[in-house]
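Novice:
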Amino acid sequence: MKKKLLILLCLGLVILILSACGPKQRNRGASSSPSPTPDPTPTVIIFSTPAPDPTPSPAPTATPKPISTPKPSAKPSPKASPSSTPTPEPTEEPQPPVVTKNPTGEVVPVGGSCTFIAKYENAVWAVWHFVSPDGSRDLAYNDIQNIYTDLKIINGYASTMSLENIPAQLNGWKVYCHFSNDAGSTDTAMAQITVQQN
Numbered sequence: 003m004k005k006k007l008l009i010l011l012c013l014g015l016v017i018l019i020l021s022a023c024g025p026k027q028r029n030r031g032a033s034s035s036p037s038p039t040p041d042p043t044p045t046v047i048i049f050s051t052p053a054p055d056p057t058p059s060p061a062p063t064a065t066p067k068p069i070s071t072p073k074p075s076a077k078p079s080p081k082a083s084p085s086s087t088p089t090p091e092p093t094e095e096p097q098p099p100v101v102t103k104n105p106t107g108e109v110v111p112v113g114g115s116c117t118f119i120a121k122y123e124n125a126v127w128a129v130w131h132f133v134s135p136d137g138s139r140d141l142a143y144n145d146i147q148n149i150y151t152d153l154k155i156i157n158g159y160a161s162t163m164s165l166e167n168i169p170a171q172l173n174g175w176k177v178y179c180h181f182s183n184d185a186g187s188t189d190t191a192m193a194q195i196t197v198q199q200n
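Right under this line is the structure:
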């Protein structure tokens, strides 16, 4: 359509130019002779072709403006309270063990068994001791077992100790429990072993 329209416009311009130049050239050629009656100017009919509808150009897309994020308002920092030095609590000094129950004496037959019980507070270690009838020897439970090999001692390192297969030679011996911790040690009262012989 555009090419046809341009061709028609060019043809119309050529015809207009030729028609405008024609009379002037005739006047130049006939200087002495009377000018003939001019030919009537041909009427040029230009058929106007309807212009094509312009293609609508796409509307420019509006670029979205970046949304500005509001900056968080700075909160006022809390005033630092003056540091108060805590008063140190008085620490209790460690105390030596306290005996709350002493063992009691036991009467057993030869080869019999018995149990000695002691109670305490604040103790960490417990060891049972055996003292000879005359008081000349004080032996820990494992040492007395080396002397009387038939004697069986159970839990000689606890607050409750049991003896089994007691020999006649253990008659008159006494036992006590030795409690200790990092602050010191405490002994229970002595309890005597009486072995009855038939």
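If you use this note's numbering, the sequence shown corresponds to residues 3 to 200, in order. For glycine and all other residues, C-beta sits at the position ideal for the given N, C-alpha and C.
Tell me the DSSP secondary structure of Tyr143 in three-state form.
Specialist: It is helical.
Novice: For Pro111, does the count of other Cβ atoms within 10 angstroms reach 16, so buried, or fall short, so exposed?
Specialist: When all chains shown are included, Pro111 counts as exposed.
Novice: What do you reckon, are the CB atoms on Asn167 and Lys154 nearer than 8 Å?
Specialist: Yes, these two residues count as a Cβ contact at 8 Å.
Novice: Would you mind stating whether Tyr150 and Pro135 have Cβ atoms separated by less than 8 Å?
Specialist: Cβ atoms of Tyr150 and Pro135: not closer than 8 Å.
Novice: Let me check understanding here. Comparing Cα to Cα, which of Leu11, Leu13, Thr190 lies closest to Thr102?
Specialist: Of Leu11, Leu13, Thr190, the residue nearest in Cα terms is Thr190.
Novice: Counting along the chain, where does the beta strand (DSSP E) carrying Pro111 start and finish?
Specialist: 108–111 is the span of the beta strand (DSSP E), which, as asked, contains Pro111.
Novice: Going by C-alpha to C-alpha distance, which of Thr106, Glu123, Ala125, Tyr122 sits closest to Cys116?
Specialist: Comparing Cα positions, the closest option is Thr106.
Novice: Whole angstroms is fine: what's the gap from Ala185's alpha carbon to Asp140's?
Specialist: Between Ala185 and Asp140, the C-alpha separation is close to 23 Å.
Novice: Is the distance from the Cβ of Phe208 to the Cβ of Ala193 below 8 Å?
Specialist: Lying outside 3 to 200, the shown extent of the chain, residue 208 is not represented and no answer is given.
Novice: Starting from Thr203, follow its DSSP beta bridges and name the residues at the other end.
Specialist: Residue 203 falls outside the range modelled here, since the chain spans only 3 to 200, and no answer is possible.
Novice: Rounding to the nearest angstrom, what Cα-Cα distance links Glu91 and His180 in this structure?
Specialist: Rounded to the nearest angstrom, the two C-alpha atoms are 33 Å apart.
Novice: Is it true that the CB of Ser182 sits closer than 8 Å to the CB of Ala120?
Specialist: Against a cut-off of 8 Å, the Cβ pair of Ser182 and Ala120 comes out as no contact.
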